[in-house]
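Visitor:
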Amino acid sequence: MSNAHDMKGSLIFGAAYYEEYLPCDRLEKDMQMMKEAGINTIRIAESTWSVEEPRPGEYDFSHVDRVIDAAEKYGLNVIVGTPTYAVPHWLVQLDPDVLAETAQGKNRFGPRQNMDITNPTYRHYAEGIIRALVSHTAGRPNVIGFQIDNETKHYGVCGKRILGLFQEWMKKRYSSIEQVNKALGLNYWSGSVTSFEDLPDPTGTINGSYACEFEIFRRSLAEEFLVWQSDIVKQYSRPDQFITQNFDFQWKSFGAPGQQDGYSFGVQPDICHYDASRAVTLMGTDIYCFDQDALTGREIAFGGDLIRSVRQENYLVLESQAQAFKDWLPYPGQLRQMAWSHVASGACGVMYWNWYSLHNGLESYWKGILSHDFEPNPTYLEVKETGEELRRLGSALSCLRKENRIALVVSSEALSAMDRFPTDKELCYNDIVHWIYDALYKLNLECDVIFDKEKDWDRYDLLIFPELYCVREEVISHVRTFVENGGTVFASFRSFFADEHCKIWHDRQPHDLTDVFGMTYNQYTRPVNVTVDGREASYWMELLKPEGAETKASYQHKYWGSYAALTRNAFGKGHAWYLGTMVPEDQLQEYLLEAAADAGILPETDLRYPLICRNAADKDGSSIHFLFNYSSEDQSIACPWNGEDLLTGKQFAKGQSLSLPDWGVVILKENTDD
Amino acid sequence: MSNAHDMKGSLIFGAAYYEEYLPCDRLEKDMQMMKEAGINTIRIAESTWSVEEPRPGEYDFSHVDRVIDAAEKYGLNVIVGTPTYAVPHWLVQLDPDVLAETAQGKNRFGPRQNMDITNPTYRHYAEGIIRALVSHTAGRPNVIGFQIDNETKHYGVCGKRILGLFQEWMKKRYSSIEQVNKALGLNYWSGSVTSFEDLPDPTGTINGSYACEFEIFRRSLAEEFLVWQSDIVKQYSRPDQFITQNFDFQWKSFGAPGQQDGYSFGVQPDICHYDASRAVTLMGTDIYCFDQDALTGREIAFGGDLIRSVRQENYLVLESQAQAFKDWLPYPGQLRQMAWSHVASGACGVMYWNWYSLHNGLESYWKGILSHDFEPNPTYLEVKETGEELRRLGSALSCLRKENRIALVVSSEALSAMDRFPTDKELCYNDIVHWIYDALYKLNLECDVIFDKEKDWDRYDLLIFPELYCVREEVISHVRTFVENGGTVFASFRSFFADEHCKIWHDRQPHDLTDVFGMTYNQYTRPVNVTVDGREASYWMELLKPEGAETKASYQHKYWGSYAALTRNAFGKGHAWYLGTMVPEDQLQEYLLEAAADAGILPETDLRYPLICRNAADKDGSSIHFLFNYSSEDQSIACPWNGEDLLTGKQFAKGQSLSLPDWGVVILKENTDD
Amino acid sequence: MSNAHDMKGSLIFGAAYYEEYLPCDRLEKDMQMMKEAGINTIRIAESTWSVEEPRPGEYDFSHVDRVIDAAEKYGLNVIVGTPTYAVPHWLVQLDPDVLAETAQGKNRFGPRQNMDITNPTYRHYAEGIIRALVSHTAGRPNVIGFQIDNETKHYGVCGKRILGLFQEWMKKRYSSIEQVNKALGLNYWSGSVTSFEDLPDPTGTINGSYACEFEIFRRSLAEEFLVWQSDIVKQYSRPDQFITQNFDFQWKSFGAPGQQDGYSFGVQPDICHYDASRAVTLMGTDIYCFDQDALTGREIAFGGDLIRSVRQENYLVLESQAQAFKDWLPYPGQLRQMAWSHVASGACGVMYWNWYSLHNGLESYWKGILSHDFEPNPTYLEVKETGEELRRLGSALSCLRKENRIALVVSSEALSAMDRFPTDKELCYNDIVHWIYDALYKLNLECDVIFDKEKDWDRYDLLIFPELYCVREEVISHVRTFVENGGTVFASFRSFFADEHCKIWHDRQPHDLTDVFGMTYNQYTRPVNVTVDGREASYWMELLKPEGAETKASYQHKYWGSYAALTRNAFGKGHAWYLGTMVPEDQLQEYLLEAAADAGILPETDLRYPLICRNAADKDGSSIHFLFNYSSEDQSIACPWNGEDLLTGKQFAKGQSLSLPDWGVVILKENTDD
């Protein structure tokens, strides 16, 4: 794991900055306050198209220039974002079809990300502003990189033109329309067709296979759009300037409809991070998490583990919260803790959204470091304290490498399939992913989060499959070989159930893996008053029939008692676990610990959540252990290693008592000489 | 009660079969497995239009032929379904208006039942495929009948053309537009018009009378469509071939939106089974019910009682579940119990939907007898056991006659009215119907479920009216005569409140029946902290004022205490009961038992749910008593009759101990000689 | 406070009457029954356009004439309503754009209030029917006034034409488009434009400032429409005939979707009562309230306090409930109590909606005084009893004056802003308004409810600001001056936060009032496990930092404990209170009592809800005290004054025991001689 863009031995610390939205002239004052807070980078320009091009072809970069100038004066670096995700009204007036059609109807003007990213008029003017802006700024010494667009996705675009593109795409993917009929089972309910041109608009389809195919296509549109932008930017950018994107996650809201609150929840449905990563030279991401009593670090860890694993490189957190809407106002210490949590996951820097709180518009309450009054406030003061620490330890903690032996395998295709065939009305794919991820996280069993498209599994000893519903044959044989060669796998219910077209296999489940798992099943039901090892089973239960596997747990129920709930099979040199139902998290933890033991993996420490330990190696190969106390209670632990707390310089011997105050952090550099 | 189509002294046992959707060639193997399971009939072809006519006018019945050939080889009978409920994409391309407009907008291509059944293009091509398919198959000896379309309804069709048809229909129904204005009270809120052509689209109306009139019209469209199909089929079918339809019920879902789970809940809103029955020669139906701990038999009994009562004939269960989605996986014994429950209600056969679990499409999880792996599974094995029993007792238990003395009177019009003026936001019409039906069912008081259009009430001694809100004068006088002549009636709140135009009567309620019930009222309210006989009253309370009637129960409340809740009146030779509020089911049971006693009806046995007794007479006039244990606990009862358990051949004397194991069945042929 | 239209020394008592909707000829009988019940006024004609003009330009006022004739015969007065809120179908056929476009799409024909009130075709025919009807009836002696339209609002109209009108309106409001961009912060997300014609349709906007501006514009459309109607009516009406409108309130439903149940909840979002009052000569209103155990009188008091305060005049309750849908059937005494509650708030009369229960249409269950059977019922009998009392005391209790020293300050603009930026997903603006209003009401601290546009604050000693979110600078300085001069203010959280464009102030909060309140804050959050004075804080908490103010209460919480929750500051000659969080109602009451004491205001009595005291002065200046027992329990109190109960003629000495039976009323005329 290595990265060209890690700020030459320091950590990026920054914020988004919108000089264009300011209600008064604050530029110099803002730069001063940032500088004093240890901020070394700002991100500008994305979203401000109407200011930069008030009329078609009439460019005005005076705001951009002002900010870059001021940043230069105060020694701040700048990331310039292309403003293409918020279209000006004149563009919609030129061509109303710039606004995307979606399954809910034609989009209205007003929100961002309301456009059809394939629309030719949109592309024409987007190309114009990208070329103008990047050529205008690429020569500035303090511009260290470009962000292309913002949180790019396909935005649910559909309609006649998109259907035409989809039909073209299908033609390339399938040799004949008969093959399409067969692969996607279109015969069902009179859905078969006789030509590619006859393929219907998938937005109305009741055929999950056809619907999921369309989702794959739409994700490819978002990917193609980013690659297109990237190729334009590269014509102007310097070799030392990175190109990045803030890949974001499935969002889960908890507030009023129309409000923007929520958090970074899981695998993104509307673009495939794995595929789209080819558009950037530095992986970037947005991670928003709970705070106050609900801060656990799990959103930071999950997001980081996924984004890092895509390329096994350090990544940049382009957006994270300072304070935001009423739910997010960190307790003292939490802001600092969050920043170090990002670094502990492999981030090469942390940037806030945003510097100051906007005075109107949708995000008025999605605040900034500064509140609306621009005064120094507790949040700003803690940013300052954190900035000082990051500056001080930047050299020691940049370019951290993480080498996990466990991987959680996720899939955009399984996510789409679970939208069509949910395990329960209360559950989506990411609920299952987090059910397992969180259990690992709380055990301090670190993992990579990889896509099933990832070819390199050799680095791992334990692969975990949460509801990996639909996979290519290649993945099936990959699993077989992995176990055969000594690996351990742990699969949840509903894994390996369907092929890549979301068509359920018509032989014994799990498809072509019954010998690997030593088990099969062909019935399942909702568990009602069913227990496993004395604990309630929930939502789904497969009636597993061991064929060679050891029954690790059975169902307790008058009629289902003869079936297994959890099986473990020795196969080749490895082991294969299969869990047929959803058990409580602590029970899952016990099972995962056993499976990890099969893989020769033990938790680094006896610590358990709320005490979290995240590990890495520094540039010199020394072990760095980040210890976090995710609670309001002071904690005292026996130090698990000999080492030095880089934050305080204090030395600890293994076993020595170590204090972790509420929401505290210790960064222990292990002393391996002892 | 008799029927020409009861398979010559045997019971139909079968499944829907979609050879067109198979992912591999399984035809011979499937036939073999069916044969071994005692299956004697398959239902084919419905829904496969695009396979049978891949291009306009280009017919291809090779799949149909293959299946009929194979069935013939294995001695299986075939029901051929017309595929008209799932339109191919080319038909929509020929005429986009084949897709119906509904109040929610224009339908999209994808789902079935999305078409406008009155569209001329649709009718043209539907006629073509019906003629081609029926003429192609009618000569085959093992084709025993045809199913026209599938679960036909009006599908909420509306729009300009439908409005024109509605205006024409109104012209035939009313002598003048002034009569329409008056009958439907269109003056309200400026709704009156001066010509039939001026009648507005009813989808926006706030006039319940106008809206309900439109519902009657739309139900008639579905009826007319079935008669049209039937008339075409009759031009080709043999006299020994039946014509049927799978009339289905109001569906109640309990799962995620877009998922198909749910069960057969009550009276169907979108077609009138009574009126549409004229299109068929054999009544058919779809009945889906809860299973596992929630299996009570009530959905099977209600659906059967309604469909049988329409023509007082045996009927065919064209669809019922084997296993289906995660909620439906029967406990051991339940599948067999369900099959016998259908027979006990008067079914001449039971067919499953469907043979194997589909590998993709909307119904992938609405499984079949076989799971996706096609292997024999516990469900298949129990189907086999059941098939053997049905085969063995087919001759003894075909053509069963049921002669109930109680009828529950339902009404499509009342159902529509209650959609407009619900008793509570938590209640619909069928909730009230089931509140009463279930109470009877659990008392083992068997009843017919008849429509208020039914003219022949003489066969009954007790008529029960759940929320029979809007009725013609004719029904009112029917009630009067019935009681006068010695019958007993039991009416719930809100009965006889409005006329057939859903216009509330402007004289004393219940309209023209105050002498019959010896009671009137003109105020009602929501009961809050009100009890009746010490039990909580819910949702609705009419403040009944007896005028001659006996007060059987009063409200307990500071201000409503002077009003009656339940009244009983002697009128003519009979009795009339009126219940003004919703009481708990067990309290309702007490009231119903008393009313039944007035009608000279006592439950056949002392058994109560979960022990259910359903009675019939066989071809020779012997009494057949089906005893069911709808619980997981073994039960032991005193045998209520002398007789022989046809399943085991064991003789029982009245009073002798009889064991009903969990989910068990005993079919007692009463020995009347003793 | 005085009013020309108070029926010359008597109280109006009446009902809406729709002869057009009757299922039979009842006119004479109805008049008789009304007369007997003490009803002296009926309201007719509104909503019956299709009857009065069955074809374009063809007027037929025979129903109107019949009713006015009969009323004359029985000595009843008539209010004639223009029927313009329910358009006939022919008008929609003439011009489909008469049906408004809204954000949810084009309206359908059927409901009332579905039209675009700015549509020229609509205006043309509306003008025709208004001129014809008013000129036809203005000469009738018993026509005492006209109601223009009904519950007029803007009905969410939008679309291309409305956008054009909005752009014109903006041109008049702003000097340049640059000023618009700046004032509304349109730069945000590429929303800035270069000409007024380029301003986009606001229905899609995510800019709250722009959205709220559009709401102000739309409210002005409703106001303009009423003024337009009023000007036409004035061309025909006599000087002694009043012009009124039934201003209604934000409606809160509790029933099934599509049902009309609910109650008058708070400030109306879709027309500004303050601005629109210029269209009428007599303020009118609709007030619907809970009854039975939920009758508290607060809806009656709030609605009356607001409508009365707009012009400091008596007002007419044009609609209130008798019985209505199943939830509203008053307990004995409640109907009478409600009528006197209206009078106690300053009403010059009470009218019911409506006389009889409609036999079909949407409002069939929104009943009348008479039920559907037209028989005298308990409701009618209590109306009769009430009518007799009102007649007897009409002279004594007409023209009551109320002079409150407290005012609750509300704002249509703050309401719109809170729709965009709600305090919580469970709360809207009116929840906060009622939180405070109800606390005052239950303390028997009477108040006016005034709009922030009201210029005359001098009459008050205590001003209360519930979430007065966005205000003009003028209001800010008004607050400063008010306190400086000795007034007391009490502001809730989120007050004075944004300017009149809904743009958050960028200096210290509360804007320009930090010295007045002696306090500032710049952080807030959701309180979780936070208490204030031992009671739970809810929904919102601002972290107040006193700067001179006294901390009256602090937050109890590990991390927020250093911040104040409630502050009190002496400023000039007055006091300023600020409450940063939502506390339980009884705790709020304690705070309000203290603030009132600062203003020199003590509750008139020690009575607290359910004993409510409402005070006024009669024509002669005597104090009238209305005492209400809003409970089912008889209550006995020490009489707070010497005086006579006008209802019974009984004299009471101060301190003497006075019985208030359940739902009872005493009207005490204070004897000031003692």
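Residue numbers (the working numbering), protein chains in the order written: chain A, 3 to 676; chain B, 3 to 676; chain C, 3 to 676.
For glycine and all other residues, C-beta sits at the position ideal for the given N, C-alpha and C.
Bear in mind that the values here come from a model prediction, so they are computed numbers and not experimental data.
Between which two residues does the beta strand (DSSP E) holding G16/C run?
Guide: I14 to A18 is the span of the beta strand (DSSP E), which, as asked, contains G16/C.
Visitor: Run through the segment 67-144 of chain B for me and flag every whole alpha helix (DSSP H) of 4 or more residues, listed as ranges in chain order.
Guide: Counting only runs of 4 or more, we get 91-96 and 122-139.
Visitor: Determine the contact status of K444/B and Y611/B, defining contact as a CB-CB distance below 8 Å.
Guide: Yes, the Cβ-Cβ distance between K444/B and Y611/B is below 8 Å.
Visitor: Grab me the residues of K671/C's own chain with a C-beta within less than 7 Å of its C-beta, minus the 5 sequence neighbours each way, in chain order.
Guide: For K671/C, where only same-chain residues beyond five positions count, the Cβ hits under 7 Å are S624, I626, G645, E646 and L648.
Visitor: Closer than 8 Å between beta carbons: that is the criterion. Which residues of the segment 288-310 of chain C meet it against chain B?
Guide: Within the segment 288-310 of chain C, the residues whose Cβ lies closer than 8 Å to some Cβ of chain B are Q294 and D295, listed in chain order.
Visitor: What's the gap between the Cα of Y523/A and the Cα of D501/B?
Guide: C-alpha separation (whole angstroms): 58 Å.
Visitor: Does any residue of chain A bring its CB to less than 8 Å from the CB of R537/C?
Guide: So no, R537/C is outside the interface.
Visitor: Determine the chain B residues that contact K328/C at a beta-carbon separation under 7 Å, and present them in chain order.
Guide: Y526, T527, R528 and W542, listed in chain order.
Visitor: Of all the CB atoms in chain B, is at least one closer than 8 Å to the CB of Y190/A?
Guide: Taking Cβ atoms only, chain B reaches closer than 8 Å to Y190/A, which makes this a yes.
Visitor: On the criterion of 16 or more Cβ atoms from any shown chain inside 10 Å, does E180/C qualify as buried, or is it exposed?
Guide: It is exposed - the Cβ of E180/C has fewer than 16 other Cβ atoms within 10 Å.
Visitor: Among the residues of its own chain, which have a CB less than 6 Å from the CB of P673/B, if the five just before and after it don't count?
Guide: As written in the sequence, residue 673/B is Asn, which differs from the Pro given in the question. So the list reads N644 and G645, once near-sequence residues are dropped.
Visitor: Which complete beta strand (DSSP E) runs does the segment 606-656 of chain B hold, if anything under 3 residues is left out?
Guide: Runs found: 613-619, 625-631, 637-640 and 645-647.
Visitor: If you reduce the DSSP assignment to three classes, tell me which class F256/C lands in.
Guide: Looking at F256/C - three-state DSSP - the assignment turns out to be coil, as it is neither helix nor strand.
Visitor: Quick one: grab the DSSP three-state call for W459/C.
Guide: It is coil, neither helix nor strand.
Visitor: Using 8 Å for Cβ pairs, my map puts T283/B next to I234/B. What's the rounded Cβ distance?
Guide: In fact, because the Cβ distance is near 14 Å, the residues do not count as touching under 8 Å.
Visitor: Report yes or no: is there a C-beta of chain C within less than 8 Å of the C-beta of P202/B?
Guide: So yes, P202/B belongs to the interface.
Visitor: A278/C: buried (16+ other C-beta within 10 angstroms of its C-beta) or exposed?
Guide: Buried, by the Cβ-count rule.
Visitor: Please report the distance separating the alpha-carbon of V319/B from that of I46/B.
Guide: One C-alpha to the other measures close to 15 Å.
Visitor: Could you work out which residues of chain B lie near R114/C, taking near to mean beta carbons separated by less than 7 Å?
Guide: Within chain B, the residues near R114/C are W191.
Visitor: Using 8 Å for Cβ pairs, my map puts L613/C next to L594/C. What's the rounded Cβ distance?
Guide: In fact, because the Cβ distance is near 18 Å, the residues do not count as touching under 8 Å.
Visitor: Check whether chain B comes within 8 Å of R110/C, counting only Cβ atoms and requiring the distance to be less than that.
Guide: At least one chain B Cβ lies under 8 Å of R110/C.
Visitor: For A597/A and V534/C, I'd like the C-alpha separation in whole angstroms.
Guide: Near 50 Å, if we compare the C-alpha coordinates of V534/C and A597/A.
Visitor: Measure the alpha-carbon distance for E476/B versus D71/C and round it to whole angstroms.
Guide: Distance between the alpha carbons of E476/B and D71/C: 39 Å.
Visitor: Smallest Cα separation from D440/C: which of I639/C, C350/C, G299/C and V69/C?
Guide: That would be G299/C, whose Cα lies nearest to the Cα of D440/C.
Visitor: What runs of the beta strand (DSSP E), each 3 residues or longer, lie entirely inside the segment 506-582 of chain A?
Guide: If we require 3 residues or more, the beta strand (DSSP E) runs fully inside the segment 506-582 of chain A come out as 540-544, 552-558, 566-573 and 576-581.
Visitor: Just tell me which of Q336/B, W171/B and N406/B has its CA closest to the CA of I466/B.
Guide: Nearest of Q336/B, W171/B and N406/B to I466/B, Cα basis: N406/B.
Visitor: Does DSSP put S311/C in a helix, a strand or coil?
Guide: Reduced to three states, the DSSP call for S311/C is helix.
Visitor: Inspect the CB distances between the segment 343-355 of chain C and the segment 304-319 of chain C and report whether three or more fall short of 8 Å.
Guide: At 8 Å Cβ cutoff, the stretches touch.
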